[in-house]
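2 protein chains.
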Amino acid sequence: MNDEFYMNLAIDEAWKYQFLTYPNPAVGCLILSKNGEILSCEAHQKAGMPHAELNAVISALQRLNPNLKAVFKTAKNANELYALALQNHANLLSGARAYVSLEPCSHHGKTPPCANLLKELGFAKVIIATKDVSEHAKGGEQVLNVAGISTQIGVCKDRADELLEPFWAWSNGNFSFFKIALTQNGVASGGIISNHASRTHTHAIRSLVSLLVIGGNTVRTDRPTLDTRLINGGKNPDVLIYSNETKFDTSIPLFSIKDRKVTISNSLEAAFERHFVMFEGGGNALSNLDKRVKWLLIYRSNEFKDAKNISLNLKIKIMHRAEFDDNELLWCKIIN
Amino acid sequence: MNDEFYMNLAIDEAWKYQFLTYPNPAVGCLILSKNGEILSCEAHQKAGMPHAELNAVISALQRLNPNLKAVFKTAKNANELYALALQNHANLLSGARAYVSLEPCSHHGKTPPCANLLKELGFAKVIIATKDVSEHAKGGEQVLNVAGISTQIGVCKDRADELLEPFWAWSNGNFSFFKIALTQNGVASGGIISNHASRTHTHAIRSLVSLLVIGGNTVRTDRPTLDTRLINGGKNPDVLIYSNETKFDTSIPLFSIKDRKVTISNSLEAAFERHFVMFEGGGNALSNLDKRVKWLLIYRSNEFKDAKNISLNLKIKIMHRAEFDDNELLWCKIIN
């Protein structure tokens, strides 16, 4: 097994939390012991929670010393967890290697810098997929090098850059994606397509986006709610109905969601001024998609249906697959 | 990382050669050093070639002592490779663990028994996903236990049993599967759907099957060749055209393939008497599939096409995914 193998595992782990880390980047970290054993593979899961490196360090230390579980359990937040790792590592990770999909941060944000954590714990080498170019976080590699820790940059860089596309885009103003549910034979209509686990994941994403855009036809046909009822404490996103007509039956459930602003417009310009925008709809919406929508999320059921498919010409690149019970989610980039 | 993690890697490796090992089973083997480092992960690739355990042992030994590459290169066949492993292992794998998707064989077939190999090299533990119940090969676990090697059975058993379904079925008389190429939106028609790498894989499978079954309508519409021109030295399978009509335009290319027997019949009974049978066709053939056809192989392109889908009701279970450049292959079980 080589560096690419380990880095791919770290990147796969990060993909599990893609979008869910908003506004932070999705990052994964794998730790290999001095002897080459995989000790842990963890990811950053949510803004405010520990970075990937801290999660991987905690998991590796607990593996090497199970008594530490009780110690780390007392941490009330990422800062305390970080402090406990520094106090209790007992050089267990001395000589270890870390594979990180993004250069460890060098700044004190909501948590202290990850580069410093790896340095203090005596890591021998840090392999980094891609550099952090953000003004406030960059410089982690230098921190490590100054401390005499060897680094290597660029392992699986393309995959790591793909993983980070949403982060860089929403940091620069806007990241927009389209979500659709399809059967194995491309049917999007005629009732619910995807399973409960897939819809729960969709609701978790809806809860984070700045705005949800949906076509007027879909609103009239499907009479959707577009809420986040399948998750606890979800935020219901504002909705932009993209339509030339301004009259809608306001008994359609989406209009009755508390704390939601619904806008009806024949222009998408306002949408692309928001940071993180989800488009939903069927084949017609996908056929006429604005070029600024970069990614396509296909939730694919495990059934063929005796019905008409969505029919359009479109080329995609599948970047990652996730399983939700008997359904899958294809994370795709729109090529043309 | 736990036993399931390592066994899943071994099973994933085996899937790369699913069908291609015919009439042998697809088997994978991962070797973990005494210290827990992954040393190798290999599979049985083709009948007559080394078993998974031997491939993994060779790869692990070469990793630990690169000088052995030149030694192992001199082997002219699996038997010689086995002998060289016994002569040159220098206890490098003493104390190691092997994760094997199928119980190591205990018999002298085309190669000496794998259980004996693991024993002679001093493995400390062998983790086995599922037992070998074949009369001639079973008993490997006992060989290991008698030699004082600890074993564990049943890790990822369900996945390993799925992997072996074709093997048990063709050993018991017949295994039949259906192959189709689909776009992202379920279109099967209108020219070539899948890419070169996918079609090459199809040809490799065609070269091994006992019989290829195709519907009369597909023959008339697509005028196929059904050969194996994309691989070197491929065997062109006999063809059964499933049709009520017996007259076909014999200028259709499939009729002119050397050493091929073409049968036209309105009965499939003869097909299910063959060991390994591939069905090809479109949506109509899939809708009317015989219940004895157990698996569905979907080669999925990376494009949506502006055309009608295949339309039918069918539920599948995706067991494994493989990538062929920008296409994927879904290995599916037909549920109903």
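From first to last, the protein sequence lines stand for chains A and B.
Heads up: the first sequence begins at 4 in our numbering, then just goes up one per residue.
Heads up: the second sequence begins at 4 in our numbering, then just goes up one per residue.
The beta carbon of each residue, even a glycine, is placed where N, CA and C say it ideally should be.
Does the Cβ of residue i have 16 or more other Cβ atoms within 10 Å, making it buried, or fewer, making it exposed?
i	result
B/N316	exposed
A/W334	buried
B/V149	exposed
B/I338	exposed
A/W171	exposed
B/Q65	buried
B/H199	exposed
B/D328	exposed
B/G236	exposed
B/R165	Per the sequence shown, residue 165 of chain B should be read as Glu rather than Arg. Buried, because 16 or more other Cβ atoms sit within 10 Å of the Cβ of B/E165.
Could you tell me the alpha carbon to alpha carbon distance between residue i and residue j, rounded to whole angstroms?
i	j	result
A/R324	B/T77	42 angstroms
A/E306	A/T186	6 angstroms
B/K308	A/A63	47 angstroms
A/N38	A/A163	26 angstroms
A/E248	A/I196	28 angstroms
A/S304	B/Q48	32 angstroms
B/G284	A/L299	30 angstroms
B/N94	B/V60	12 angstroms
B/G125	B/G176	38 angstroms
B/C117	B/H110	8 angstroms
B/V190	B/N119	51 angstroms
B/P227	B/A99	51 angstroms
A/K311	A/L243	28 angstroms
B/N188	A/A127	49 angstroms
B/Y25	B/G51	10 angstroms
B/N112	B/S210	It is Gly, not Asn, that sits at residue 112 of chain B in the sequence shown. Rounded to whole angstroms, B/G112 to B/S210 spans 24 angstroms at the Cα level.
A/A17	A/E326	14 angstroms
Between the options, which has its C-alpha nearest residue i's C-alpha?
i	options	result
B/R202	B/I183, B/K141 and B/G98	B/I183
B/L167	B/D135, B/T231 and B/L229	B/D135
A/V212	A/P169, A/H47, A/G31 and A/I195	A/P169
B/V265	B/N198, B/F75, B/K19 and B/L229	B/L229
B/L57	B/A86, B/E40 and B/E138	B/A86
B/E138	B/L271, B/I208, B/K160 and B/E106	B/E106
A/E270	A/D161, A/D293 and A/D225	Reading off the sequence, residue 270 of chain A comes out as Ser, not Glu. Cα-wise, what sits closest to A/S270 is A/D293.
A/D161	A/P53, A/T133 and A/N177	A/T133
B/L89	B/V103, B/L121, B/N177 and B/Y20	B/L121
A/K318	A/K311, A/E331, A/K297 and A/N330	A/K297
B/N220	B/H110, B/A73, B/A29 and B/Y245	B/Y245
A/S153	A/E165, A/I131 and A/K141	A/I131
A/Q155	A/A191, A/K113, A/S104 and A/E123	A/S104
A/E123	A/S210, A/C108, A/T114 and A/L147	A/L147
B/F275	B/I41, B/L257 and B/F180	B/F180
A/N330	B/G143, B/V280, B/M322 and B/K261	B/M322
B/K261	B/L289, B/F251, B/K250 and B/K238	B/K238
A/M4	A/N312, A/Y20, A/E40 and A/W18	A/E40
A/N233	A/I267, A/A207, A/Y302 and A/V74	What sits at residue 233 of chain A in the sequence shown is Leu, not Asn. Here the closest residue by C-alpha is A/A207.
A/M10	A/I34, A/G193 and A/S259	A/I34
B/P69	B/A55, B/H54 and B/L42	B/L42
Using a C-beta cutoff of 8 angstroms, does residue i count as contacting chain B?
i	result
A/I196	no
A/D135	no
A/N58	no
A/V232	The amino acid occupying residue 232 of chain A in the given sequence is Arg; Val does not appear at that position. For A/R232, the answer is no, since every Cβ of chain B falls outside 8 angstroms of its Cβ.
A/F170	no
A/M10	no
A/S5	It should be noted that the sequence gives Asn, not Ser, for residue 5 of chain A. So no, A/N5 is outside the interface.
A/D241	no
A/N27	no
A/E306	yes
Using a Cβ cut-off of 8 angstroms (strictly closer), state whether residue i contacts chain A.
i	result
B/S97	no
B/K72	no
B/I255	no
B/S314	yes
B/G187	The sequence given here places Gln at residue 187 of chain B; Gly does not occur at that position. True, the Cβ-Cβ gap to chain A drops below 8 angstroms.
B/K264	no
B/A310	yes
B/E45	no
B/M322	no
B/L317	yes
Run the proximity test for residue i: is its beta-carbon closer than 7 angstroms to any non-hydrogen atom belonging to the ligand GDP?
i	result
B/S201	Summarising the ligand content, the structure contains no ligands, and the ligand GDP is consequently not present.
Enumerate, from N- to C-terminal direction, the unbroken alpha helix (DSSP H) stretches of 4 or more residues contained entirely within the segment 260-308 of chain A.
-> 286-290
Segments of 3+ residues assigned as beta strand (DSSP E) that fall wholly inside the segment 171-203 of chain B = 178-185
Runs of beta strand (DSSP E) wholly within the segment 22-73 of chain A (minimum 3 residues, chain order) = 31-35 and 41-46
Uninterrupted beta strand (DSSP E) stretches inside the segment 110-168 of chain B (no shorter than 3 residues) = 128-133 and 153-156
Ignoring anything shorter than 3 residues or poking outside the segment 203-236 of chain B, list the beta strand (DSSP E) runs there in chain order.
-> 214-218
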